[in-house]
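Residue numbering for the sequence shown follows our numbering, starting at 62 and increasing by one per position. Even for Gly, the Cβ is constructed at its ideal location relative to N, Cα and C.
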Amino acid sequence: MLILRKGSQISTKGVTIETTIQAGIANYPMNNSLFTVFSNDPTLTPENKILCLEQLQTSLDLKEMMTDFAALVAKFIRPFNIRFQSAHGFFSLQNDAKFHCSDSFNLSMTSTSARIGAITYQSSNPITSQENKLLNELHQLLLPSLRHALKFSELNAMVFKDHLTNIGNRAYYDESLARAILQSSRSDQALSLLILDINDFKMINDTFGHLKGDQVLQHFAGILIKSVRTSDMVFRLGGDEFAIILQPGDQNSVNKVIARMHHEIKNNSFLSKLNFSSSVGFGHWQIGLSANELFSIADQSLYLNKVVNKKSNK
Numbered sequence: 062m063l064i065l066r067k068g069s070q071i072s073t074k075g076v077t078i079e080t081t082i083q084a085g086i087a088n089y090p091m092n093n094s095l096f097t098v099f100s101n102d103p104t105l106t107p108e109n110k111i112l113c114l115e116q117l118q119t120s121l122d123l124k125e126m127m128t129d130f131a132a133l134v135a136k137f138i139r140p141f142n143i144r145f146q147s148a149h150g151f152f153s154l155q156n157d158a159k160f161h162c163s164d165s166f167n168l169s170m171t172s173t174s175a176r177i178g179a180i181t182y183q184s185s186n187p188i189t190s191q192e193n194k195l196l197n198e199l200h201q202l203l204l205p206s207l208r209h210a211l212k213f214s215e216l217n218a219m220v221f222k223d224h225l226t227n228i229g230n231r232a233y234y235d236e237s238l239a240r241a242i243l244q245s246s247r248s249d250q251a252l253s254l255l256i257l258d259i260n261d262f263k264m265i266n267d268t269f270g271h272l273k274g275d276q277v278l279q280h281f282a283g284i285l286i287k288s289v290r291t292s293d294m295v296f297r298l299g300g301d302e303f304a305i306i307l308q309p310g311d312q313n314s315v316n317k318v319i320a321r322m323h324h325e326i327k328n329n330s331f332l333s334k335l336n337f338s339s340s341v342g343f344g345h346w347q348i349g350l351s352a353n354e355l356f357s358i359a360d361q362s363l364y365l366n367k368v369v370n371k372k373s374n375k
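Rendered as structure tokens:
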């Protein structure tokens, strides 16, 4: 029978093992490195870390996850304008204030692994060293869920992509508009929907052939991408009908997009040879409007714009 005593030594085949029994082990300090899960000098309590992990694991949707993360940053540090960008996802949270201080962080699972994205914080004051420690700790809590969300976003892109124009398809539009309305209803964020189509597209197909028609669709999709912000979303609903979700979006945002679109069309050498033109309608979401009701408002606006275009071309 082997009995261990405080400070006793056991010798086994030339290897000496020293054992130490500390009285009151239940009172062993919890900030010792043996009991620290995330860092040797934590700035968040274990309870707060668990709270963060639970909050960040509620959804695989990148926007919802990053919105939750922004709320955690505001809770434990202070509010920021936050921008995240990666190959498979983008997120932007802008407050009303325009801040002049900006700090960026490259996010990766380890110091030697590839970067999975970059996050930028804008504020009125520079980030302090203590805030920097807190942000890095929050990043470590975010990264596992963020990696899964980006992979999910990558897989979704394959399912929800229109393969001719390389933008979102009808299924992705339906899902994105429903999500955008839900987000706007929670955050009181402005939201606008644009519906667009190509004037006399059937004539283009009949005159120049369907291959040329496909190229027209591809060029127009490229123009729409150039005409919006990276936070906005562009879709092909089918045929020559397209949609744009602006969030945040108001009449000023709509006017800017339409102006950029007309400028890009005018300067596109391929489309200018075909006497190309398009029509656009828009609607602004208000509390209580469903996705179908918002679409109907934008579609009616599109119809009126097409009538005006036909009259002006006579």
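Through-space distance from residue j to residue i, alpha-carbon basis
i, j, result
"Asp189", "Lys110", "For the sequence presented, residue 189 should be read as Thr rather than Asp. Rounded to the nearest angstrom, the two C-alpha atoms are 21 angstroms apart."
"Asp293", "Ser185", "26 angstroms"
"Glu302", "Met264", "15 angstroms"
"Phe145", "His324", "29 angstroms"
"Gln155", "Asn142", "5 angstroms"
"Ser169", "Ile177", "6 angstroms"
"Thr106", "Pro187", "24 angstroms"
"Asn227", "Ser237", "16 angstroms"
"Leu254", "Ile326", "20 angstroms"
Distance between beta carbons of residue j and residue i, contact taken as under 8 angstroms
i, j, result
"Ser206", "Met126", "6 angstroms"
"Tyr233", "Phe296", "6 angstroms"
"Leu114", "Asp129", "Actually they do not touch by this definition, with Cβ atoms about 11 angstroms apart."
"Ala175", "Asn167", "Wrong, their Cβ atoms sit about 10 angstroms apart, outside the cutoff."
"Phe133", "Leu216", "Correcting the residue identity first, residue 133 is Leu in this sequence and not Phe. About 26 angstroms; that fails the 8 angstroms criterion."
"Val318", "Ser288", "5 angstroms"
"Gly150", "Ser214", "5 angstroms"
Proximity below 8 angstroms, CB of residue i to CB of residue j
i, j, result
"Met322", "Leu365", "no"
"Gln312", "Leu252", "no"
"Asp122", "Ala239", "no"
"Lys124", "Gln244", "yes"
"Ile256", "Ala304", "yes"
"Asp360", "Gly342", "yes"
Where residue i sits in the DSSP three-state scheme
i, result
"His161", "coil"
"Val98", "Its pLDDT being 42, under 50, Val98 is placed unreliably in this model, and the value from its coordinates should be taken loosely. Three-state result, Val98: coil."
"Val315", "helix"
"Ala352", "helix"
"His280", "helix"
Span of the beta strand (DSSP E) around residue i
i, result
"Ile143", "142–147"
"Ile305", "302–307"
"Ile256", "253–259"
Segment limits, alpha helix (DSSP H) that includes residue i
i, result
"Arg240", "231–248"
"Thr268", "262–269"
"Ile111", "107–117"
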